[in-house]
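Participant: Protein sequences, first through last, are from chains A and B. Residues in the first sequence are numbered consecutively from 1180, following our numbering. Residues in the second sequence are numbered consecutively from 852, following our numbering. Here's a structure for you.
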Amino acid sequence: MNNIKNKINVSKKYDIKDNMKNNKKCNIKAALSLATSALLGTTVIVGNVAHAQDADEWQFETAFLLYSEADRVTAGEGIIAGTKTFDNDEILNLKLTVDALTGASANGAVVQPKAQTFTRPSGNGQYVTTEGETPLDDTFHDTRVQLNAQWTQPLADNITGSVGAHLSKEYDYLSLGLNGNLAYDFNKKNSTISMGLSHFQDTFTPEGGIPKPFSSMLVGDSSSVDWDAEFAKTRIGDSENKSTTDMLVGFTQVINRRMITAFNYSYSIVDGYLTDPFKVISVLDTEGLAQDYIYENRPDSRVKQSAFMQTKYHFDDSLFNTVADVSYRYMWDDWGINSHTIDTRFTIPVGKKSYIEPHIRYYQQGAADFYKPYIINEEFVDEQPITGFVSSDYRIGEMSAITIGAKYGVVLNGGNELSFRIEYYRQMPTNAGFTDPSALNRLDVYPVVEAVIAQVSYSF
Amino acid sequence: MKINKLTFEVNYKNHKPKFKLTLLALIVANLTACSSLGVEPWERDLLAKKEMALTSSPVDAALDDHIYFSKEASSGGKSFGGGGCGCN
C-alpha cells in the first residue's frame, strides 16, 4: 500500500515537474495574456496559449465585417493582425485596419409635416427630405486606414510592460496615438494590478470647413454668384484639433480553477473640438414648424469616467463546458451623460472542434445636459440659445440599445480557426422629457435605428 | 444614572479592545481569504484556454469598439477609449 502511495507520489512529483517545465512558457504567456488583456483588451492580440510553443512564428488573425443600417450607413471593415512571440517572451503585435463607409446619417434636424431642404456640409448642392421622414445627409463617403503597433515584454520577474502606437487616417481626419502600460503580478500570478496611459492627438479637416456655431445653414441657389461668399460667412476655419488622454487602472483576480474576474477604473480627458461639424439643430416656431437650421455647439472639454467589471466562468460537463463571459460598465461624464452597459457571451462547445457563442448586449444612456431635439425660437436671447451649448445629435440624447447575435467557430486542420458572426443591433432613442409642439404630434421624433453586423474571421 | 454611566464606561472600556480585536480579525480573515483565492500553476488548465482569456477575441472587440464608439456616447472602460471622429 505504502509502495503504491509512494509511486503515486513520485509520479505525481514528476508530473508536476514536467507540467511545470512544459507549462513554464504557457504560464508566462498566460500571465502575459492576463496582464495585457486586462490592460489593453483590444490593442493586443493575445495568442492562443495552446500555441505557446510556436515561438518565433507569426500568428495571424484576419476579419472582415459588414455593418449595415436600414436606409442609413453601410460600412465594410477589414482587419489583419499579426503577432510574433519571441523566445524571451517579447510580443510584437502589428495590426492593419481598412474601412470604407457610405450612406446617410441623421443631420440633427427634426422631422417635419412638410418637405425640408438642406445644404450639403461641403456647401456644394442641396438635398431634400420628404415630409414625415427623419432628415438624413446622404453624402457620407469615407475610407480609413489604421495602423497599430504594440510591443509587450517582461520587465522583471512579475512586471510586464507594453508600449504602442496608433495611426488612423481618413480623407478628412487624422488621429495619432501612443500608449504605455505596466502590469504587476503577485499571489502566484493569481492577482494582477495594471496601469495604463494613452494619449491621442486628432486633426479634423472637414470638407466645407468648420461651421460657425449657431450660424444659420445657408439654403438657396448654390450656383449663384454670391453663394461662396455667403457660405464662407458661416465658417470659422478649415481645421480643428482634439486631444484625448486616457488613464486606466485595473485589477484582475483568479478566483479558482474555473473563474476569473477583472475590475477597471478609467478616467479620460478630451480637449478641443468636440462639436460635430455636420450636425445642425432645427429652430421651430411655437407650433413646431421649422424656421431655421443652426449649427450645433458643444463644450470644448469632456471628462469621462468609467467603472468596468467582468467575470468569466468555465462550467463543467453538466453544462457542456460552457464559458460564460459577463461584464458591466458604468460610465459618467461632466456633460451629464451616464450609461450602463451589460454584455454577456456564452461560448458553448459543439463537438470537439467547434463552438457556438450567443451574445446579448444591453446599453442605456441618459442625455447630455445641453441635448435638445430642437429649439423653440422663444428660447433665443440675442440670436443665441439660452444655454451656450446645444446639440440635437441623438447619440448624446437619451436612448437604449440592444445587440443580439451569435458566433459560430470551427477549428480546421492544423489549428486554424474559421468563424462567422451575425448580430442585430437596435437603437431606441427616447424622449428625455421634452413636450413636443403640436406640428410634431403625429411624427416620429425619435426614430429607431436598426443595423445588421456580419463578420467572417480566419486565424492562422 | 450615575451607576448606569459607570456601567457603560466599564462596558465600553471592556469592549474597546474586543472591538479592535474583532476588526483586526476581520481584516486578517479578509487578507487570508484574498491570498487563498487563486490556483496553483498546474491548475491553470481551464484558465489557459483561449476562451477563458478576458478578451478572447481581440479582433471582435476592436470591431465592436469602433461600432459603439461611433454610435453611442460611451467608449472605453475595458480598454482605452482612444481618439477618433465618430461623426457618422
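The beta carbon of each residue, even a glycine, is placed where N, CA and C say it ideally should be. Note that the coordinates shown come from a computational prediction; the quantities given were computed from them, not determined experimentally.
Helix, strand or coil: how does DSSP classify residue 1421 of chain A here?
Facilitator: Along the first sequence, read from residue 1 onward, the residue named residue 1421 of chain A stands at position 242. Strand, per DSSP.
Participant: Interface residues of chain B around residue 1487 of chain A at Cβ under 8 Å?
Facilitator: As a working note, residue 1487 of chain A is residue 308 in the first sequence. Those are 928, 929, listed as they occur along chain B.
Participant: Name the chain B residues whose beta carbon is nearer than 8 Å to that of residue 1322 of chain A?
Facilitator: Mapped onto the first sequence, residue 1322 of chain A falls at position 143. None at all; the shortest Cβ gap to chain B is about 12 Å.
Participant: According to DSSP, simplified to helix, strand and coil, what is residue 1556 of chain A?
Facilitator: For the purposes of this step, residue 1556 of chain A is identified with residue 377 of the first sequence, where counting begins at 1. Helix, per DSSP.
Participant: Per DSSP, what kind of secondary structure is residue 1510 of chain A in: helix, strand or coil?
Facilitator: Here residue 1510 of chain A refers to the residue found at position 331 of the first sequence. Strand.
Participant: Starting from residue 1409 of chain A and walking both ways along the alpha helix (DSSP H), at which residues does that stretch end?
Facilitator: For this step, residue 1409 of chain A is matched to residue 230 along the first sequence. 1406-1411 is the span of the alpha helix (DSSP H), which, as asked, contains residue 1409 of chain A.
Participant: Rounded to whole angstroms, what's the CA-CA distance from residue 1546 of chain A to residue 1575 of chain A? Just pull it up for me.
Facilitator: Position 367 of the first sequence holds residue 1546 of chain A. Position 396 of the first sequence holds residue 1575 of chain A. Rounded to the nearest angstrom, the two C-alpha atoms are 6 Å apart.
Participant: In whole angstroms, what separates the C-alpha of residue 1475 of chain A from that of residue 916 of chain B?
Facilitator: Counting from one through the first sequence, the residue named residue 1475 of chain A turns up at place 296. Counting from one through the second sequence, the residue named residue 916 of chain B turns up at place 65. When rounded, the distance between both Cα atoms is 26 Å.
Participant: Taking residue 1323 of chain A and residue 1278 of chain A to be in contact with their CB atoms under 8 Å, please state how far apart those CB atoms are, rounded to whole angstroms.
Facilitator: Locating residue 1323 of chain A in the first sequence gives position 144, counting from the first residue. Locating residue 1278 of chain A in the first sequence gives position 99, counting from the first residue. Yes, they are in contact, since the Cβ atoms of residue 1323 of chain A and residue 1278 of chain A sit about 5 Å apart, within 8 Å.
Participant: Output the residue ranges of the beta strand (DSSP E) runs that lie fully inside the region 1412-1468 of chain A and measure 3 residues or longer, sorted by chain position.
Facilitator: Segments of the beta strand (DSSP E) lying fully in the region 1412-1468 of chain A: 1414-1416, 1419-1435, 1438-1451, 1459-1463.
Participant: Run the proximity test for residue 1582 of chain A: is its beta-carbon closer than 8 Å to any non-hydrogen atom belonging to the ligand GDP?
Facilitator: Ligands displayed in this structure: none; no statement on the ligand GDP is therefore possible.
Participant: Could you work out which residues of chain A lie near residue 897 of chain B, taking near to mean beta carbons separated by less than 7 Å?
Facilitator: The residue labelled residue 897 of chain B in the question sits at position 46 within the second sequence. Near residue 897 of chain B (Cβ distances below 7 Å), the residues of chain A are 1436, 1437, 1493.
Participant: Exposed or buried, residue 1618 of chain A, counting other C-beta atoms within 10 Å across all chains shown (16 or more means buried)?
Facilitator: Position 439 of the first sequence, counted from the first residue, corresponds to residue 1618 of chain A. Label assigned to residue 1618 of chain A: buried.
Participant: Kindly list the residues whose CB is nearer than 7 Å to the CB of residue 1466 of chain A, restricted to its own chain and excluding five residues on each side of it in sequence; keep chain order.
Facilitator: On the first sequence, residue 1466 of chain A is found 287 positions in, with the first residue counted as 1. 1616, 1617, 1618, listed in sequence order.
Participant: Between residue 1362 of chain A and chain B, is there a C-beta pair that is closer than 9 Å?
Facilitator: As a first step, residue 1362 of chain A must be located in the first sequence, where it is residue number 183. False, the Cβ-Cβ gap to chain B never drops below 9 Å.
Participant: Output yes if chain B places a C-beta closer than 9 Å to the C-beta of residue 1232 of chain A; else output no.
Facilitator: Position 53 of the first sequence holds residue 1232 of chain A. Low local confidence applies: a pLDDT of 45 at residue 1232 of chain A is under 50, so the model's placement there is unreliable, and no value is given.
Participant: Using a Cβ cut-off of 9 Å, pull out every chain A residue sitting near residue 872 of chain B, in sequence order please.
Facilitator: Taking the first residue of the second sequence as position 1, residue 872 of chain B is located at position 21. Those within 9 Å of residue 872 of chain B in chain A number zero; the least Cβ separation is about 26 Å.
Participant: Anyone know if the C-beta pair for residue 1407 of chain A and residue 1385 of chain A falls short of 9 Å?
Facilitator: The residue given as residue 1407 of chain A occupies position 228 in the first sequence. The residue given as residue 1385 of chain A occupies position 206 in the first sequence. Going by C-beta atoms, residue 1407 of chain A is not nearer than 9 Å to residue 1385 of chain A.
Participant: Listing by chain order, which chain B residues have their CB less than 9 Å from the CB of residue 1329 of chain A?
Facilitator: For the purposes of this step, residue 1329 of chain A is identified with residue 150 of the first sequence, where counting begins at 1. By Cβ distance, chain B contributes nothing, its closest Cβ being about 10 Å from residue 1329 of chain A, past 9 Å.
Participant: From A:1434, A:1427, A:1542, A:1403, pick the residue whose C-alpha is nearest to that of residue 1368 of chain A; which is it?
Facilitator: Counting from 1 along the first sequence, the entry for residue 1368 of chain A is found at position 189. Residue 1368 of chain A has its Cα closest to that of A:1434, out of A:1434, A:1427, A:1542, A:1403.
Participant: Which chain B residues are close to residue 1133 of chain A, counting only those with a beta carbon under 9 Å from its beta carbon?
Facilitator: One cannot answer for residue 1133 of chain A here, as it falls past the ends of chain A, which runs 1180 to 1639.
Participant: Could you check whether the Cβ of residue 1635 of chain A sits closer than 9 Å to any Cβ belonging to chain B?
Facilitator: The sequence position of residue 1635 of chain A within the first sequence is 456, counting from 1. Not an interface residue.
Participant: Is it true that the CB of residue 1241 of chain A sits closer than 9 Å to the CB of residue 1638 of chain A?
Facilitator: Position 459 of the first sequence, counting from 1, holds the residue named residue 1638 of chain A. Position 62 of the first sequence, counting from 1, holds the residue named residue 1241 of chain A. For residue 1638 of chain A and residue 1241 of chain A, yes; Cβs fall inside 9 Å.
Participant: Does any C-beta atom of chain A lie closer than 9 Å to the C-beta of residue 914 of chain B?
Facilitator: Stepping through the second sequence from its first residue, residue 914 of chain B is reached at position 63. It does; some Cβ of chain A falls within 9 Å.
Participant: What residue range is occupied by the uninterrupted alpha helix (DSSP H) comprising residue 910 of chain B?
Facilitator: Residue 910 of chain B sits at position 59 when you count from the first residue of the second sequence. Here the alpha helix (DSSP H) through residue 910 of chain B covers 909-922.
Participant: Please check the pair residue 1493 of chain A and residue 1437 of chain A, which I expect to be a contact at CB under 8 Å, by giving their CB distance rounded to whole angstroms.
Facilitator: One-based indexing of the first sequence puts residue 1493 of chain A at position 314. One-based indexing of the first sequence puts residue 1437 of chain A at position 258. Sure, about 4 Å apart at Cβ, within 8 Å.
Participant: I'd like to know if the region 1303-1315 of chain A and the region 1480-1489 of chain A are in contact, where contact means that at least 3 CB-CB pairs between them fall below 8 Å.
Facilitator: These segments do not touch.
Participant: Do you know offhand how far residue 1569 of chain A's Cα is from residue 1628 of chain A's?
Facilitator: Here residue 1569 of chain A is taken as the residue at index 390 of the first sequence, counted from 1. Here residue 1628 of chain A is taken as the residue at index 449 of the first sequence, counted from 1. Going by the C-alpha atoms only, they are around 22 Å apart.
Participant: Looking at the C-beta of residue 888 of chain B, does it have a partner C-beta in chain D at a distance below 9 Å?
Facilitator: No chain D appears in the structure shown, which is made up of the protein chains A and B.
Participant: If the criterion is Cβ atoms closer than 9 Å, does the pair residue 900 of chain B and residue 1502 of chain A meet it?
Facilitator: What you label residue 900 of chain B is simply residue 49 of the second sequence in a count that begins at 1. What you label residue 1502 of chain A is simply residue 323 of the first sequence in a count that begins at 1. In this structure, residue 1502 of chain A lies closer than 9 Å to residue 900 of chain B by Cβ.
Participant: Going by beta carbon distance, what residues of the same chain come within less than 6 Å of residue 1389 of chain A, once the five residues before and after it are set aside?
Facilitator: On the first sequence, residue 1389 of chain A is found 210 positions in, with the first residue counted as 1. Hits under 6 Å: 1415, 1416, 1419, 1456.
Participant: So, residue 1340 of chain A versus residue 1329 of chain A, is the Cβ gap smaller than 9 Å?
Facilitator: By one-based count along the first sequence, residue 1340 of chain A stands at place 161. By one-based count along the first sequence, residue 1329 of chain A stands at place 150. The answer is no: Cβ separation not under 9 Å.
Participant: In terms of residues, what are the limits of the beta strand (DSSP E) holding residue 1481 of chain A?
Facilitator: As a working mapping, residue 1481 of chain A is identified with position 302 in the first sequence. Element bounds for residue 1481 of chain A: 1480-1493.
Participant: I want to verify the contact list: residues of chain B whose CB lies under 8 Å from the CB of residue 1269 of chain A, in sequence order.
Facilitator: Here the question's residue 1269 of chain A lines up with position 90 in the first sequence. What residue 1269 of chain A touches in chain B: nothing, since even the nearest Cβ is about 18 Å away.
Participant: Locate the beta strand (DSSP E) running through residue 1659 of chain A, then write down its first and last residues.
Facilitator: Coverage of chain A is limited to positions 1180 through 1639, which leaves residue 1659 of chain A absent and any answer about it impossible.
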